[in-house]
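Enquirer:
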Amino acid sequence: MINRELLAPKSIAVIGGSNNVHKPGGAIVRNLLQGGFEGILRIVNPKEDEVQGIKVFHDVKELPPTELAVLVIPAKLCPAAVEVLASEKQTRAFIIISAGFGEETQAGAILEQRILDICQQYGCALIGPNCIGLLNRNHHSVFTQPIPKLNPQGVDFVSGSGATAVFILESAVIKGLQFNSVWSIGNGKQIGIEDVLQYMDEHFNPDTDSKVKLLYIENVANPDKLLFHAGSLIRKGCRIAAIKAGSSESGSRAASSHTGAIASSDSAVEALFRKAGIVRCHSREELTTVGCIFTLPPLTGKRFAIVTHAGGPGVMLTDALSKGGLEVPKLEGKIAEELKTKLLPGSSVANPIDILATGTPEILGTAIDYCEEHFDNIDAIAVIYGTPGLTTLYEAYEVLHQKIQTCKKPIFPILPSLHTAGPEVAEFLAKGHVNFSDEVTLATALSQIMQTPPPAPPEVQLYGIDIPRLNKTIQSIKDNGYLPPDIVREILSCAGIPMVPEMASSSKDELIAFSNKIGYPVVAKVVGPVHKSDVGGVTLNIRTPEHLSLEFERMMRIEGATAVMVQKMLSGTELFIGAKYEQRFGHVVLCGLGGIFVEVLKDVQSGLAPLSYGEAFSMIHSLKGYRIIKGTRGQQGINEQKYAEIIVRLSTLLRFATEIKEMDINPLLADANDVVAVDARILIEK
223 MINRELLAPK
233 SIAVIGGSNN
243 VHKPGGAIVR
253 NLLQGGFEGI
263 LRIVNPKEDE
273 VQGIKVFHDV
283 KELPPTELAV
293 LVIPAKLCPA
303 AVEVLASEKQ
313 TRAFIIISAG
323 FGEETQAGAI
333 LEQRILDICQ
343 QYGCALIGPN
353 CIGLLNRNHH
363 SVFTQPIPKL
373 NPQGVDFVSG
383 SGATAVFILE
393 SAVIKGLQFN
403 SVWSIGNGKQ
413 IGIEDVLQYM
423 DEHFNPDTDS
433 KVKLLYIENV
443 ANPDKLLFHA
453 GSLIRKGCRI
463 AAIKAGSSES
473 GSRAASSHTG
483 AIASSDSAVE
493 ALFRKAGIVR
503 CHSREELTTV
513 GCIFTLPPLT
523 GKRFAIVTHA
533 GGPGVMLTDA
543 LSKGGLEVPK
553 LEGKIAEELK
563 TKLLPGSSVA
573 NPIDILATGT
583 PEILGTAIDY
593 CEEHFDNIDA
603 IAVIYGTPGL
613 TTLYEAYEVL
623 HQKIQTCKKP
633 IFPILPSLHT
643 AGPEVAEFLA
653 KGHVNFSDEV
663 TLATALSQIM
673 QTPPPAPPEV
683 QLYGIDIPRL
693 NKTIQSIKDN
703 GYLPPDIVRE
713 ILSCAGIPMV
723 PEMASSSKDE
733 LIAFSNKIGY
743 PVVAKVVGPV
753 HKSDVGGVTL
763 NIRTPEHLSL
773 EFERMMRIEG
783 ATAVMVQKML
793 SGTELFIGAK
803 YEQRFGHVVL
813 CGLGGIFVEV
823 LKDVQSGLAP
833 LSYGEAFSMI
843 HSLKGYRIIK
853 GTRGQQGINE
863 QKYAEIIVRL
873 STLLRFATEI
883 KEMDINPLLA
893 DANDVVAVDA
903 RILIEK
């Protein structure tokens, strides 16, 4: 629970406060004093009489009633202090900085649980233990530096790691990013990242609250809560970016299907963030860069003008923007020629607009004005301006300051000279601006933002799924493991997923009769072995009963074979859909190009079931091989609508069949008219 005593206490007691500002107890007191806490500050220290000018209490029992307590004492002493404060001093909020709890030993976990029990008994809020504290505009209850500039419209930052929070703050401060609050949740015994988001969502005031949230997550404890409240905040006008650390797995695990080999807990995180509309970042620099972008006016298009006095950075930014799906359109014609007359000889206006190292602040302003007022094919302006050693940077940055305030198109300042122009950049940031010192990091962050879809609608739609028939089919299955082809076909039929005509049998005569009925050519596949291709269990383009007879006899001799499946042979682009059940997250649905390329290229996109049509199209369009799906070099594209429909139907089916732990449909064959499932596997665990 998060309460008023935690956020805006009228009195704070630092248990373990000291005069040594190089230790957490002393640093907390210093930061509270320097932060201008307006309430009553009390210190408890058994060995001191005065701490940083404040009279000291020697025991928590001597304290008068106090609303918030910050504990910086050994872990073993914390439960007793919390008990006294909660029961006798009406303390209703605790920030426990101390370590040595559940993150270290089982004995520490017992202490931690005791503290939680006391807090729940008395209705207290608890941050930590094992954290750096809480920082907001009311009190600076943290022991670390830096203390960023605080602003009601600054960023709300929530971190699962205290040390990492400090490093992220370091990265943010030099960019000029301002903050509204910083939450270090530590072990998150009572209040986790999801709980902070819930509070921000349920108490959100669009007129006064920050609309930018940055998250550093080490463990997604409650995916449903994170999804619901992040999506809700974004729909209310907020923007959220997050790092999820710990995404890799040590080594490749053995898996029995394509999906098992590709899907991982990281796929679930990727799918969760996509569904919520969270911009995923992978480094501190990327997270704080995205945060800075969020403070600027939102982009209304993908077309950038680059104004620079250095050719190299302009070229690198052009390359990075183009690689990320953004555009740097060529500037030409009468207006471009007119601009060129106002620049120095040798300048270029093609885009990037290179005003040369000798370009003056006035010329910089002119180039920006033309991008703002005259070039209709420009949506945003990136300005690269460092230290050429020939102009006065204060004047140039003042021009940039004025243009940022007056231009309707967003301006992205790239001021790379942090070493040689530190004071000039600092003065620019002091006016409330941000700085992107590296152009490629900016482009990468911009592309991540542009590729993140809006939150998916929270409603589950059935899309014609035959749920009673599905439940009956699932209940009829007695054993765990991979399902036989006829049951797979029945389950896919419940979702209305079209399938190629097929028959599986251990009778050669039945298969020949079936093939004569559907017409040749046909495909024969062994039934039993999981990876059919690896054991020679697939034969294409069988055109006669005699050929089919020979292949049947050969396949039935393969180890583990129980039958042979015959299918009508179709042609088209091979696609893939898979799904894997992740504990706590639900089913992660994957899509991509099919056949052997699933494992070779691993060009897949993930989504969290159930999926909307918007999510399905976003997944398809995000594939690196999307140009193949769309059609390229004279080859006709596939029916995207039907591909998206199958993804949506499958994801909805999975919502009602948690017994399905893994599923592959690989390949689906697609052309301009149809998308048909050719081969499918379903792993059941009841």
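Offset between the sequence shown (1-based) and the numbering used here: plus 222.
Beta carbons: idealized from backbone N, C-alpha and C, even for Gly.
Inspect the CB distances between the region 881 to 891 and the region 788 to 808 and report whether three or more fall short of 8 Å.
Expert: Enough Cβ pairs lie closer than 8 Å, so yes.
Enquirer: Hey, could you find the ends of the beta strand (DSSP E) Ser544 is sitting in?
Expert: Run containing Ser544: none in the beta strand (DSSP E); it sits in the alpha helix (DSSP H), Gly533 to Lys545.
Enquirer: Please state if the CB of Ala498 and the CB of Gly459 are separated by a distance shorter than 9 Å.
Expert: No. Outside cutoff.
Enquirer: To the nearest angstrom, how far is it from the Cα of Gly398 to the Cα of Thr517?
Expert: So the alpha carbons of these two residues sit roughly 11 Å apart.
Enquirer: Can you tell which of Val434, Cys353, Leu876 and Lys298 has the C-alpha that lies nearest to the C-alpha of Glu804?
Expert: Per the Cα distances, Leu876.
Enquirer: Report the residue ranges of all beta strand (DSSP E) runs contained in full by the region 580 to 634; include only those spanning at least 3 residues, in chain order.
Expert: Qualifying beta strand (DSSP E) stretches, in chain order: 602 to 606.
Enquirer: Which one of Pro535, Lys524 and Gly536 has the shortest CA to CA distance from Glu549?
Expert: Nearest of Pro535, Lys524 and Gly536 to Glu549, Cα basis: Lys524.
Enquirer: By alpha-carbon positions, which one of Ile224, Leu664 and Lys269 ends up nearest to Met934?
Expert: There is no way to answer for residue 934, as the model of the chain reaches only from 223 to 908.
Enquirer: Taking the beta carbon of Tyr616 as the centre, do at least 16 other beta carbons fall within 10 Å, making it buried, or is it exposed?
Expert: The residue is exposed, with fewer than 16 neighbouring Cβ atoms inside 10 Å.
Enquirer: Is His809 helix, strand or coil when you go by DSSP?
Expert: The answer is strand: DSSP assigns His809 an E or B state.
Enquirer: What is the rounded straight-line gap between the Cα of Ala443 and the Cα of His531?
Expert: About 48 Å.
Enquirer: Scan the region 655 to 719 and note each continuous alpha helix (DSSP H) run of 4 residues or more that stays entirely inside, going in chain order.
Expert: Counting whole runs of 4 or more residues, the region 655 to 719 contains the alpha helix (DSSP H) stretches 661 to 673, 689 to 698 and 707 to 716.
Enquirer: Quick one: any contact between the region 785 to 794 and the region 744 to 752, if contact means 3 or more CB pairs under 8 Å?
Expert: Touching, per the Cβ criterion.
Enquirer: Under a Cβ-count criterion, where at least 16 other Cβ atoms within 10 Å of its own Cβ denotes burial, should Asn895 be classed as buried or exposed?
Expert: Exposed, because fewer than 16 other Cβ atoms sit within 10 Å of the Cβ of Asn895.
Enquirer: Check whether the region 425 to 438 and the region 377 to 394 touch, using three or more Cβ-Cβ pairs below 8 Å as the test.
Expert: Yes: at least three Cβ pairs fall under 8 Å.
Enquirer: For Ser844, decide whether its Cβ has a neighbour in chain D, counting only Cβ atoms nearer than 9 Å.
Expert: The structure shown contains no chain D; it holds only a single protein chain.
Enquirer: Looking only at its chain, what residues have a beta carbon closer than 6 Å to the beta carbon of Ser489, apart from the 5 residues adjacent to it on each side?
Expert: Result list for Ser489: Val810 and Ser828, in chain order.
Enquirer: Using the beta-carbon count (16 or more within 10 Å), is Asn657 buried or exposed?
Expert: By the 10 Å Cβ count, Asn657 comes out buried.
Enquirer: So for Leu285, helix, strand or coil by DSSP?
Expert: Leu285 falls in the coil class under three-state DSSP.
Enquirer: My understanding is that Asn702 touches Ile906, with C-beta atoms under 8 Å, so please give their C-beta distance in whole angstroms.
Expert: Yes, they are in contact, since the Cβ atoms of Asn702 and Ile906 sit about 6 Å apart, within 8 Å.
Enquirer: Which class does Tyr438 belong to by DSSP, given the choice of helix, strand or coil?
Expert: Here Tyr438 sits in strand by DSSP.
Enquirer: Quick check on Asp417: buried or exposed, where buried means 16 or more other Cβ atoms within 10 Å of its Cβ?
Expert: Buried.
Enquirer: To the nearest angstrom, report how far apart Val822 and Gly384 are at their CA atoms.
Expert: Between Val822 and Gly384, the C-alpha separation is close to 39 Å.
Enquirer: Does the beta-carbon of Ile687 have 16 or more other beta-carbons within 10 angstroms, so that it is buried, or is it exposed?
Expert: Flag for Ile687 reads buried.
Enquirer: Let's test the definition: count the other Cβ atoms within 10 Å of the Cβ of Gln420 and tell me whether it reaches 16, buried, or not, exposed.
Expert: That one is buried.
Enquirer: Does DSSP classify Asn763 as helix, strand or coil?
Expert: Asn763 falls in the strand class under three-state DSSP.
Enquirer: Here's the rule I'm using: 16 or more other beta-carbon atoms within 10 Å means buried, otherwise exposed. How should His480 be labelled?
Expert: With a pLDDT of 42 at His480, under the threshold of 50, the predicted position of this residue should be treated as unreliable, though the coordinate-derived value follows. It counts as buried.
Enquirer: For Glu508, which residues of its own chain have a beta-carbon under 6 Å away from its beta-carbon, when the five flanking residues on both sides are left out?
Expert: Cβ neighbours of Glu508 beyond the five flanking positions: Ala667.
Enquirer: Would you identify the three-state DSSP class for Gly817, choosing helix, strand or coil?
Expert: Here Gly817 sits in coil by DSSP.
Enquirer: Per the DSSP calculation, Ile317 is bridged to which residue(s)?
Expert: Looking at the DSSP assignment, Ile317 forms a beta bridge with Val292 and Ile349.
Enquirer: Which partner residues of Lys277 appear in the DSSP bridge assignment?
Expert: Paired residue(s): Glu272.
Enquirer: Answer with buried or exposed for Ile234, where buried requires no fewer than 16 other C-beta atoms within 10 angstroms of its C-beta.
Expert: With 16 or more other Cβ atoms within 10 Å, it is buried.
Enquirer: Apart from the five residues on each side of it in sequence, which residues of its chain come closer than 7 Å, Cβ to Cβ, to Leu338?
Expert: If we look at Leu338 and ignore the five residues flanking it on each side, its Cβ neighbours are Leu348, Lys411 and Gln412.
Enquirer: Taking 7 Å as the limit between beta carbons, can you name the residues of its chain near Met721, skipping five residues before and five after?
Expert: Once the five neighbours on either side are set aside, the close Cβ partners of Met721 are Arg711, Leu714, Val898 and Ala899.
Enquirer: Quick check on this structure: which residue in Ile671, Val243 and Asn360 has the alpha carbon closest to the alpha carbon of Thr510?
Expert: That would be Ile671, whose Cα lies nearest to the Cα of Thr510.
Enquirer: Can you name, in chain order, every residue of its own chain whose Cβ lies under 7 Å from the Cβ of Leu333, other than the five neighbours on each side?
Expert: Excluding positions up to five away in sequence, the list reads Ala297, Lys298, Cys300, Pro301 and Phe323.
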